[in-house]
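Peer 1: Per our numbering, the very first residue in the sequence shown carries number 3; after that it's consecutive.
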Amino acid sequence: MIAVMAILGMAAAIAQPRAIGANVGSGVGFSYQHGFGESNMLDVAASIPVIYKGLGIGGHVTYDWIDPFGASVPWSGKGAWDWYMGVGGAGGAYGLFSSDAANYWYAGVAGHIGIEYNINHFNLSFDYRPCIGVDNVNDGQVGFGLNGLYGNIAIGLRYKF
3 MIAVMAILGM AAAIAQPRAI GANVGSGVGF SYQHGFGESN MLDVAASIPV
53 IYKGLGIGGH VTYDWIDPFG ASVPWSGKGA WDWYMGVGGA GGAYGLFSSD
103 AANYWYAGVA GHIGIEYNIN HFNLSFDYRP CIGVDNVNDG QVGFGLNGLY
153 GNIAIGLRYK F
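#1: Less than 9 Å between the beta carbons of W67 and S74, yes or no?
#2: Looking at C-alpha atoms only, which residue of N25, Y161, G142 and V26 is the closest neighbour of W107?
#3: Using C-beta distances below 7 Å, list every residue in its chain close to F146, excluding the 5 sequence neighbours before and after it, in chain order.
#4: Flag this pair as touching only if the stretch 146-160 and the stretch 25-39 have three or more C-beta atom pairs under 8 Å; answer yes or no.
#5: Please report the distance separating the alpha-carbon of S127 from that of S33.
#6: Please list the segments of the beta strand (DSSP E) lying wholly inside the stretch 70-122, counting only runs of 3 or more residues, in order along the chain.
#7: Report the option in G97, Q35, L148 and N105 whose CA atom is closest to the CA atom of C133.
#8: Is S49 buried or exposed, if buried means 16 or more other CB atoms sit within 10 Å of its CB?
#9: Out of G94, A95, I115 and W77, point me to the one whose CA is closest to M87's CA.
#10: Put L148 into one of helix, strand or coil per three-state DSSP.
#11: Write down the C-beta distance between G72 and G94 rounded to the nearest angstrom, noting that I regard them as a contact closer than 8 Å.
#12: Roughly how many angstroms separate the alpha carbons of Y152 and G90, rounded to a whole number?
#13: Only counting the same chain, and skipping five residues up and downstream in sequence, which positions put a Cβ closer than 8 Å to that of P76?
#14: Going by the beta-carbon positions, is the gap between I117 and A82 smaller than 9 Å?
#15: What does the alpha-carbon distance come out to for the pair G37 and D45?
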């Protein structure tokens, strides 16, 4: 019985739509989306921000609702438009390996809102991922940070499978 349940669970996970691709915005990044039915998805994004003080890495994980409130984008041409919004978490560090030895980090609650155009096996997206939480950006002091509200706008291209 356990083996049958495991096989059915894996089959259900494999049958869900997925997408993998890249984002370009305030940095370059990798994006993975895993759909849960027609109206929900998990979005995982990792990025290397373009910053002025050393190397950095950041990530967002959000649970998104597709066409929330039943407000789909009216479109009669080829392909389909969807918009989505969600909430999750984010974290990262930058200033790694910098000459001034100033390493900065952040962690917090992330939002996600965007629009995507789906055609054949591809989707093109435009989205915004704000983040608020704790960081040590201001003179190395740990505190409440709003720096994640700025930037974090990206254009993405993903392959759907």
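In this text, a Cβ means the ideal position worked out from N, Cα and C, and glycines have one as well. If you're wondering where the values come from, they're calculated on a predicted model, not measured in any experiment.
Peer 2: According to the data block:
#1: No, the pair does not count as a contact, with Cβ atoms beyond the cut-off.
#2: The option with the nearest alpha carbon to W107 is G142.
#3: V136
#4: Three or more Cβ pairs closer than 8 Å define a contact, and the stretch 146-160 meets that threshold against the stretch 25-39.
#5: 11 Å
#6: The qualifying runs are 82-98 and 106-121.
#7: L148
#8: buried
#9: I115
#10: Of the three classes helix, strand and coil, the one that applies to L148 here is coil, per DSSP.
#11: Wrong, their Cβ atoms sit about 34 Å apart, outside the cutoff.
#12: Cα-Cα distance, rounded: 17 Å.
#13: By the criterion of a C-beta distance shorter than 8 Å, P76 is surrounded by no residue of its chain, once the five residues flanking it on both sides are discounted.
#14: no
#15: 9 Å
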